[in-house]
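Undergrad: Next up is a structure, given as structure tokens.
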Amino acid sequence: PARRSSNVIQEEDEEEEKEKEESKLENDEVNAKVLALAEERKRFLLTVIKKQEQPKINMKEEEHIDYETAELISQYLASTRHFSKSFDLYLSQILRVLSETAVAVRTKAMKCLTLVVEADPSILSRTDMQKGVHGRLLDQSTSVREAAVDLLGKFILIRPELINQYYEMLTERILDTGVSVRKRVIKILKDICLEQPDFPKTSELCVKIIRRVNDEDGIKKLVGEVFQSMWFTPTSEKKPERILQKVKNITHVVEACRDTGLEWFEQLLTNLLKNKDDANYKSVVKSCKQIVDCLVENLLQLEESSQNVDGGASPHLVACLATLHLFSKIQPHFVVPHATTIQPYLSMKCNTQSDFLLLKNVAQTLEIIVPLIEHPSESFLAQIEEDMVKLILRQHMGLLPGCVACLGAVVNKVTHNYQLVRDCFQKFFVVLLVCKKEDEKNPDNENLKAKRPKLLRSLFTVGLFCRHFDFETMDTGIDQNGQISLKDRVFQCIIYFNQHHDEVIRLKALTGLGFIMIRHYDFMLGPDVKSLYHYILTSPAASCVLKCQILKNITNYLVEEELRMIQKDAEWNKLSKTEDLKEMNDVTSGMASTIVQIYLKQILECVLNTELAVRKATLQVIQLILGQGLVHPVQMVPYLICLGSDDDPVVRTKADQMVQEIEKKYPGFIQMKAMFGVRMSFKMQQLIHKDTDILRGFRSPDAPVARNGFLYTVMRSTRQSRRAFLFSLLKLFDEQARTPLTELLYIADNIAYFPYMAQDEPLFIMNQLDIMLSVSGSNLLQTFRESLLQNSQPGEQNMTNNEDDFDEDDDDKDAILQRLPPDTSVLQECVIASKGCVLLLYLKQTLKEMYGFTDNKIQQYSPNENAKVYERPLNRKGHVRFNPETVLDFIKNEELKLEGELDDKGKEELVGQYIHFKQLMISIDPADDDDDEDNNQGKTVSTIVTVPNPPSGEKTATSEGAEGDSKPPSQPPIEKTKIVITKKSKSPSHSRHHRKSPKVSKEKVKKKHKKKRKRIIDSASDDSGSDPDYMDSS
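In terms of full-length UniProt numbering, the sequence shown has 830 at position 830, counting the first letter as 1, and numbering is strictly consecutive.
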């Protein structure tokens, strides 16, 4: 049998081989026929071509086409196929996937899009591509934004015409919250500057990059490297045109920065030149010298070749001198050799704004470099003194600070020509004395009005002289009485004009007083200045201009005091080896702290001012106080949190940075005052937006951002700190706190739009909301019941009330109206407090929809769970909005007041609000598990539903239905949360089906009574009853 089986197998194999050979022969025959047919078609086509073409003489006919022609033909034939025509379809599908909720999917879609663009960069010019890329540049995920920026960076330089198209989108991302995104943008902008030198917005790009010089260390280093490679790398002397091009770029950037300030440019130069041990230091110094020399060489050429239409100095010439001033501030030795070239510009006539800026820059540059010149000529110094005195006596007041400072530097450090200073000072001081005498005799004197411009100039200039020259050490000979010093006489004169009825005179007197006290700080400790400053800073009647000037005076004092301390520290370092530390007694070191503490309370109160200028000036003072460590930083925290909610982005950003720095240096300080800061921010916003109907706790209604959102990002670092912060906010909703409803709305807005990152954050809030709703809501209902008058049959009725409590469903409006007491103030307070609970209901439902949590997920959450379980990232739905309509309507049309008696209509409204709230509480507090069957009959059920904003008349669906039928919308409608209540009628058949014996019902009543206070625990364990199911009656 084995042999037979082997033979059978062998025969089967042979048959299979034969079949294969036959099929092969058949295929060969088919292929031969196909080829023959193709050849025949080719011959036919060739005959057609021959008929159409002119006969070619002496040319050999070819029956085969070359490779390029074949490729072209195949491409044409392929293009007619359906697949080739479906490019737009596939691209639109990829762009649609970009709006998916999962971050990983969006990131993959961006990478896929990059591959498509790599094959054909021209598709970036399509409008749908622009929209898709722009949407991902604003994505919530840093990785997606980085992928979008990377896509642009790869191909924007291949097609330079695309730069203008994506310029705005790309440059906006330099302020991105993701460090990696900012770095990538800076690198792209650098490539544009280097590879497209003729791009018209190059200087604007450089300005944007320079402004990141104070960013975190990695970006700060990158910015330094970018400009070092662009500007501060030495250029060969044989290529002067390259140095000139570099200088033009720098001056253009300085010109572009003129309106916003040059602090960033100054910081950049400081960073590049501060470390002498750096490997690139020598090359940076060499390139700086080249730039300064080139600037000076081209000053005369620029002056001759370019002038404004109005005859003034050209903006480019002004920018050159501004650049020289910048270099003189950082490394004055570069500019010292060119002092004689710069000095003649002092004799220019000042007719235009450009001339004014030019003279100002020249005066400030000479102030720095003249004292450093070795053996200057007497004629050069005399000319500078003469020019300065002329400018002080004749030119615009805006030039005076720079000119007096320059004269002070020349006279105090080089010439010691104090007689010139005394004569100049006397001219102004005499004007003050004369005007004071005339004003004391007759304030309405016409002669005084004629002298008003001189008086204003004298008040300003006398203060400047007292700031830059020490008249105590000079032998002035002015003290005629021999009793009162010149310093005190000037002070008394300036203080007198601070009480003048003319506000402009008071402003100039206040400015002069500030200049005097920079050198003579002891006046700030005296009663005159103290009472003046305290009154102006705290009085609502005082002008905001005067408040700003006082804050500016304090700022100037602190800046000068810091410079003075730095200078003393440098001098001490030189002499420290020879001095005895035991004999050191520096009294002045603590004066700034003493002065700040005298005025600190009044300064901080200015944070709550309605004027933006006052808040900006206050923030500047706070920044200096913190930077110098003059007072304990915890005092500043609530005011900085308050300013972090400001509508002005400059104030907000600066305050947020300072909050972050305090948290880094002193962990825990922010948490101590976070709650106080949030409540203070509400007060400030209330003052600023007093004309608006309802104050909300978010800005930018189109894309809501919590006003205190940055504070939450600081508090979010640890689980303990963020929970403590959130819990303190939620405690305000307790009825015992008696927080105003408008403030609760502000807090709820903030909680709804805080930038949550992990699942634990909103889940913790919803868990706390459940607990609070159970406790506070039941307490409010109980208080309302107890305040009602007793029925005529008290025994039986009270027993029923006590037993059923919240399970009583048939409250009759008329019956409650009859039981209302004469004084309804307690009931009104209960109803108003209940709106806080309604806010919490809306808040919970909004968070649930915004982050896509299911009821089951919320029920299973436990705050005591391991932290890693709920640290998964969140996906936020941008179209969900927190819109508590019933509370907003209540605030707008608040008819229930806490004082006075209510009319009949008011009482009906009061009872209606109570019944509405009670039904809500029943719906979120379902009966126990053993009563599930009874809950289906006669129970008021309500649902918080989500309705699209525009179509108000459409049917609404429950949240479960909305989730089930949801489609992936490309532009989803904005959703608002809405609470609606309906009553389900009992059908007779239904009630008969569930009828129970009296014995069972009595047992149930007892069970209910026992479990009444464990309501939240039961609802947490019950899958069906954890979240309210409200139904729409409309």
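Beta carbons are placed, not taken as given, at the ideal position from N, Cα and C, and that holds for glycine.
Please return the same chain residues whose Cβ sits closer than 7 Å to the Cβ of residue 117, not counting the five positions on each side in sequence.
TA: Position 117 of the sequence shown holds residue 117. Hits under 7 Å: 123, 124, 151, 155.
Undergrad: Leaving aside the five residues before and after residue 113 along the sequence, list all residues of the same chain whose C-beta is less than 7 Å from its C-beta, in chain order.
TA: Residue mapping note: residue 113 aligns to position 113 of the sequence shown, counting from 1. Closer than 7 Å at Cβ, skipping near neighbours: 94, 151.
Undergrad: Find out if the Cβ-Cβ distance for the pair residue 369, residue 294 is shorter than 8 Å.
TA: Reading the sequence shown from its first residue, position 369 is the one you call residue 369. Reading the sequence shown from its first residue, position 294 is the one you call residue 294. No, the Cβ-Cβ distance between residue 369 and residue 294 is not below 8 Å.
Undergrad: Compute the Euclidean distance between the alpha carbons of residue 469 and residue 651, then round it to the nearest angstrom.
TA: Locating residue 469 in the sequence shown gives position 469, counting from the first residue. Locating residue 651 in the sequence shown gives position 651, counting from the first residue. Here the alpha carbons of residue 651 and residue 469 stand approximately 36 Å from one another.
Undergrad: Considering Cα atoms alone, identify which of 287, 180, 240 is closest to residue 229.
TA: Taking the sequence shown and counting its residues from 1, the one referred to as residue 229 is at position 229. Checked all of 287, 180, 240; the closest Cα to residue 229 is 287.
Undergrad: Could you tell me the alpha carbon to alpha carbon distance between residue 395 and residue 291, rounded to whole angstroms?
TA: By one-based count along the sequence shown, residue 395 stands at place 395. By one-based count along the sequence shown, residue 291 stands at place 291. Using only the alpha carbons, I get a separation of about 32 Å.
Undergrad: Three or more C-beta pairs closer than 8 Å, one from the stretch 357 to 373 and one from the stretch 386 to 404: is that the case here?
TA: yes
Undergrad: Contact check, residue 600 vs residue 631 under 8 Å by CB: the rounded distance?
TA: The residue given as residue 600 occupies position 600 in the sequence shown. The residue given as residue 631 occupies position 631 in the sequence shown. Indeed, because the Cβ distance is near 6 Å, the residues count as touching under 8 Å.
Undergrad: Between which two residues does the alpha helix (DSSP H) containing residue 449 stretch?
TA: The residue labelled residue 449 in the question sits at position 449 within the sequence shown. Looking at the DSSP string, the run of the alpha helix (DSSP H) that includes residue 449 is 446 to 450.
Undergrad: Mapping the DSSP letters down to three states, classify residue 1035 as helix, strand or coil.
TA: The structure shown does not extend to residue 1035, since the chain is modelled only from 1 through 1034, so no value can be given for it.
Undergrad: Roughly how many whole angstroms lie between the Cα atoms of residue 276 and residue 284?
TA: The sequence position of residue 276 within the sequence shown is 276, counting from 1. The sequence position of residue 284 within the sequence shown is 284, counting from 1. Roughly 10 Å between the two C-alpha positions.
Undergrad: Can you find at least 3 beta carbon pairs, one from the stretch 665 to 681 and one from the stretch 709 to 722, that sit closer than 8 Å?
TA: yes
Undergrad: Near residue 206, what residues of its chain come up, given a Cβ to Cβ distance below 6 Å and the 5 sequence neighbours on each side ignored?
TA: Locating residue 206 in the sequence shown gives position 206, counting from the first residue. Closer than 6 Å at Cβ, skipping near neighbours: 253.
Undergrad: Within the stretch 623 to 677, note down every full alpha helix (DSSP H) run reaching 4 residues or more, in order along the chain.
TA: 637 to 643, 649 to 665
Undergrad: Quick check on the DSSP output: the alpha helix (DSSP H) that includes residue 130 runs from which residue to which?
TA: Stepping through the sequence shown from its first residue, residue 130 is reached at position 130. Segment 127 to 137, the alpha helix (DSSP H) holding residue 130.
Undergrad: Just checking my contact of residue 612 with residue 648 at CB under 8 Å: how many whole Å lie between their CB atoms?
TA: Locating residue 612 in the sequence shown gives position 612, where the first residue counts as 1. Locating residue 648 in the sequence shown gives position 648, where the first residue counts as 1. Right, their Cβ atoms sit about 6 Å apart.
Undergrad: State buried or exposed for residue 738, treating a residue as buried only when at least 16 other CB atoms are found within 10 Å of its CB.
TA: The residue given as residue 738 occupies position 738 in the sequence shown. Exposed.
Undergrad: Taking residue 429 and residue 508 to be in contact with their CB atoms under 8 Å, please state how far apart those CB atoms are, rounded to whole angstroms.
TA: Taking the first residue of the sequence shown as position 1, residue 429 is located at position 429. Taking the first residue of the sequence shown as position 1, residue 508 is located at position 508. In fact, because the Cβ distance is near 15 Å, the residues do not count as touching under 8 Å.
Undergrad: Looking at the unbroken alpha helix (DSSP H) that takes in residue 206, where does it start and where does it end?
TA: On the sequence shown, residue 206 is found 206 positions in, with the first residue counted as 1. Residue 206 -> alpha helix (DSSP H) spans 202 to 210.
Undergrad: Excluding the 5 residues flanking residue 749 on each side, which residues of the same chain have their C-beta closer than 6 Å to its C-beta?
TA: Position 749 of the sequence shown, counting from 1, holds the residue named residue 749. Here residue 749 has 696, 697, 698 as same chain residues with Cβ atoms under 6 Å from its own Cβ, once five neighbours each way along the sequence are excluded.
Undergrad: Looking only at its own chain, which residues have a Cβ that is under 7 Å from the Cβ of residue 764, when we skip the five neighbours before and after it?
TA: In the sequence shown, residue 764 corresponds to position 764, counting from 1. Same-chain partners within the cutoff: 723, 726, 863.
Undergrad: In whole angstroms, what is the alpha-carbon distance linking residue 488 and residue 548?
TA: Indexing the sequence shown from 1 puts residue 488 at position 488. Indexing the sequence shown from 1 puts residue 548 at position 548. Cα to Cα, residue 488 sits roughly 25 Å from residue 548.
Undergrad: What first and last residue would you give for the alpha helix (DSSP H) that runs through residue 319?
TA: Residue 319 sits at position 319 when you count from the first residue of the sequence shown. That run of the alpha helix (DSSP H) goes 315 to 330.
Undergrad: Tell me where the alpha helix (DSSP H) around residue 258 begins and ends.
TA: Here residue 258 is taken as the residue at index 258 of the sequence shown, counted from 1. Secondary structure note for residue 258: it is in no alpha helix (DSSP H), with a DSSP letter that is neither H nor E.
Undergrad: Quick check: the stretch 66 to 83 against the stretch 843 to 862, are there 3 or more CB pairs under 8 Å?
TA: Here the stretch 66 to 83 makes no contact with the stretch 843 to 862; the two share fewer than three CB pairs at distances below 8 Å.
Undergrad: Please say whether residue 359 and residue 346 have beta carbons closer to each other than 8 Å?
TA: Within the sequence shown, residue 346 is the residue found at index 346, counting from 1. Within the sequence shown, residue 359 is the residue found at index 359, counting from 1. By the CB criterion at 8 Å, residue 346 and residue 359 fall inside the cutoff.
Undergrad: Would you mind working out which of 826, 882, 231, 410 sits nearest residue 902, comparing C-alpha positions?
TA: Reading the sequence shown from its first residue, position 902 is the one you call residue 902. Ranking 826, 882, 231, 410 by Cα distance to residue 902 puts 826 first.
Undergrad: By Cβ distance, which residues of its chain are closer than 8 Å to residue 22, with the 5 residues on each side in sequence left out?
TA: Position 22 of the sequence shown holds residue 22. So no residue of the chain qualifies.
Undergrad: In three-state DSSP terms, what is residue 873?
TA: Counted from its first residue, the sequence shown places residue 873 at position 873. Residue state, collapsed to three classes: strand.
Undergrad: Compare the C-alpha of residue 1042 against each of 598, 621, 904, 111 and name the closest.
TA: A query on residue 1042 cannot be resolved here, the shown segment of the chain reaching from 1 to 1034 and no further.
Undergrad: In angstroms with no decimal places, state the Cα-to-Cα distance between residue 128 and residue 102.
TA: Counting from 1 along the sequence shown, the entry for residue 128 is found at position 128. Counting from 1 along the sequence shown, the entry for residue 102 is found at position 102. Here the alpha carbons of residue 102 and residue 128 stand approximately 21 Å from one another.
Undergrad: Suppose you measure from the CA of residue 109 to the CA of residue 759; what does that come to, to the nearest Å?
TA: Within the sequence shown, numbered from 1, the residue matching residue 109 stands at position 109. Within the sequence shown, numbered from 1, the residue matching residue 759 stands at position 759. If I take the Cα positions, the gap works out to 25 Å.
Undergrad: Give the list of continuous alpha helix (DSSP H) stretches no shorter than 4 residues that lie fully inside the stretch 70 to 116.
TA: DSSP runs (the alpha helix (DSSP H)) wholly in the stretch 70 to 116: 87 to 97.
Undergrad: Classify residue 705 as helix, strand or coil using the three-state DSSP reduction.
TA: Sequence index remark: in the sequence shown, residue 705 carries index 705 (1-based). Correct three-state label for residue 705: strand.
Undergrad: Could you spell out the range, first to last residue, of the alpha helix (DSSP H) harbouring residue 833?
TA: Walking along the sequence shown from the start, residue 833 turns up at place 833. Unbroken alpha helix (DSSP H) run through residue 833: 825 to 850.
Undergrad: Quick one: measure Cβ to Cβ for residue 685 and residue 707, integer angstroms, because I've assumed they're closer than 8 Å.
TA: To locate residue 685, count along the sequence shown from 1; it is residue 685. To locate residue 707, count along the sequence shown from 1; it is residue 707. About 7 Å separates the two Cβ atoms, so the contact holds.
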